[in-house]
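A.B. asks:
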Amino acid sequence: MYGWIWRHLPGNAWVRALLSLVLVLAVVYVLFQYVFPWAEPLLPFNDVTVDGQ
Amino acid sequence: MRVIVRTFSELCVTVGTLIVLFVVYVLFWTGVRADRAMDQQIDRLQDRWAEQSLATGGDGKGDGDAPLLARNVAPYDDGEPFAVMYIPRFGFTWNKPVLQGTATGTLKKGLGHYARTAQLGDMGNFAVAGHRRTYGDPFKDFPELRPGDAVVLTDGTTWFTYRIDRKPYRTLPGDIGVIDPVPRGSGYRGPGRYLTLTTCEPEWGHSHRLIAWAHLDATQPVEAGKPGALRR
């Protein structure tokens with residue numbers, strides 16, 4: 001999987017490393033901004049009211 | 001065969017990393033975001049109060065003759081901040097905005113006032129919910145509350161000092177009676193000006209709720225300065 005990505009990135013090793021870093025940062029950003037905020041309410045920590053909301 | 005094993009191990013590493021990132025998000029990042037959001041809500045409130053005091057003359061005298069508890073009681077706007085809460089037991093610098101409503105999105109920005117309960121300082125029960133863990137951990141030290149502890153609120157014109165009457169009470173999530181005008185299980189007999197705080201119990205779970213009750217002890221206009229409970 002990661003080997004496949006690495007092979008398909010353009011440029012020499014340095015450019016590929018830089019691109020990989022950008023990709024990782026982009027994935028982390030998407031996770032923190034969109035995926036985790038969606039998943040977090042599924043956990044029990046949000047239930048602080050007494051009317052079962 | 002080798003490709004399969006390699007891909008499988010890569011997937012495992014990826015899932016592990018995801019879980020670690022998610023834990024970081026829940027434990028740390030929600031707190032960072034909530035602290036920022038709460039500061040923003042308090043700033044908005046203070047801006048609004050500053051404008052109001054200018055609009056009403058702000059000559060220091062104002063309508064000082066008007067009885068304290070016959071204030072302007074416009075209904076609170078859903079999702080909007082309307083007060084700031086101080087609980088010295090949680091730390092001298094502990095202060096959180098109180099927003100109208102207990103929707104999930106509202107509780108991310110501060111404490112939430114149960115929409116169908118009384119307004120601040122009014123007859124009945126002013127009930128407020130807050131996170132115990134995550135989103136800034138506002139009610140982290142909830143079990144430390146003891147009888148006599150002050151819960152101070154201000155709506156920009158008046159300071160309200162409530163006093164906790166008993167140690168936190170553990171109940172089930174469906175026990176709506178605890179936010180009744182005369183809360184069930186609180187030991188209060190007649191109508192009065194009460195305050196109820198609710199949060200989750202156990203700390204990281206949702207099987208129960210923890211409740212604290214207080215009664216209104218004193219009020220004073222903001223011009224009179226901070227109430228005694230907030231003076232060091």
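Chains as they are written, first to last, in my numbering: chain D, 1 to 53; chain E, 1 to 232.
Just so it is clear, CB atoms sit at the ideal spot from N, CA and C, and this is done for glycine as well.
All values reported here derive from a predicted model rather than from experimental measurement.
Quick test of your reading: T161 of chain E and D217 of chain E, contact by CB under 8 Å. State the CB separation rounded to the nearest angstrom.
C.D. replies: Stepping through the second sequence from its first residue, residue 161 of chain E is reached at position 161. Stepping through the second sequence from its first residue, residue 217 of chain E is reached at position 217. About 5 Å separates the two Cβ atoms, so the contact holds.
A.B. asks: Select from E:G124, E:A224 and E:R132 the residue whose C-alpha is nearest the C-alpha of H215 of chain E.
C.D. replies: In the second sequence, counting from the first residue as 1, residue 215 of chain E sits at position 215. Closest by alpha carbon: E:G124.
A.B. asks: Quick one, which of E:T198, E:Y135, E:Y114 and E:F8 has its alpha-carbon nearest P234 of chain E's?
C.D. replies: The shown model of chain E, from 1 to 232, leaves out residue 234 of chain E, and the question about it has no answer.
A.B. asks: Hey, how far is the Cα of P75 of chain E from the Cα of A26 of chain D?
C.D. replies: Residue 75 of chain E sits at position 75 when you count from the first residue of the second sequence. Residue 26 of chain D sits at position 26 when you count from the first residue of the first sequence. So the two alpha carbons sit approximately 44 Å from each other.
A.B. asks: For V50 of chain D, return the contacting residues in chain E, with the cut-off set at a CB-CB distance below 7 Å.
C.D. replies: By 1-based counting over the first sequence, the position of residue 50 of chain D is 50. Here the neighbours are P173, D175, I176, V178, I179, T198 and R209.
A.B. asks: For chain D, check one thing: does any of its Cβ atoms lie closer than 8 Å to the Cβ of T117 of chain E?
C.D. replies: Indexing the second sequence from 1 puts residue 117 of chain E at position 117. Taking Cβ atoms only, chain D never reaches closer than 8 Å to T117 of chain E, which makes this a no.
A.B. asks: Should V48 of chain D and I179 of chain E be called a contact, given that it needs their Cβ atoms to be closer than 8 Å?
C.D. replies: Residue 48 of chain D sits at position 48 when you count from the first residue of the first sequence. Residue 179 of chain E sits at position 179 when you count from the first residue of the second sequence. No, Cβ-Cβ distance for V48 of chain D and I179 of chain E is not below 8 Å.
A.B. asks: Check the Cβ-Cβ distances between V26 of chain E and every residue of chain D, and say whether any is below 8 Å.
C.D. replies: In the second sequence, the residue the question calls residue 26 of chain E occupies position 26. Judged by the 8 Å Cβ criterion, V26 of chain E is in contact with chain D.
A.B. asks: Using CA coordinates, which residue listed in E:D149, E:D43, E:T102 and E:G192 is at the minimum distance from G121 of chain E?
C.D. replies: In the second sequence, residue 121 of chain E corresponds to position 121, counting from 1. Among E:D149, E:D43, E:T102 and E:G192, the Cα nearest to that of G121 of chain E belongs to E:G192.
A.B. asks: Residues of chain E with a CB under 7 Å from the CB of Y2 of chain D: which are they?
C.D. replies: Working through the first sequence from its first residue, we reach residue 2 of chain D at position 2. Simply E10.
A.B. asks: How big is the Cα-Cα spacing for L210 of chain E and L172 of chain E?
C.D. replies: Start at 1 with the first residue of the second sequence, and residue 210 of chain E comes out as number 210. Start at 1 with the first residue of the second sequence, and residue 172 of chain E comes out as number 172. Straight-line Cα distance between these residues: approximately 9 Å.
A.B. asks: Less than 8 Å between CB atoms is the rule here; does F160 of chain E satisfy it with respect to chain D?
C.D. replies: Against the second sequence, residue 160 of chain E aligns to sequence position 160. Judged by the 8 Å Cβ criterion, F160 of chain E is not in contact with chain D.
A.B. asks: Please confirm if G185 of chain E has its CB atom under 8 Å from at least one CB of chain D.
C.D. replies: Looking up residue 185 of chain E in the second sequence gives position 185. So, not an interface residue.
A.B. asks: Which same chain residues end up closer than 7 Å to P81 of chain E when comparing Cβ atoms and leaving out the 5 residues on each side of it in sequence?
C.D. replies: Here residue 81 of chain E is taken as the residue at index 81 of the second sequence, counted from 1. Excluding residues within five positions, the ones whose Cβ falls inside 7 Å are Q41, R44, L45, P97, V98, L99 and G110.
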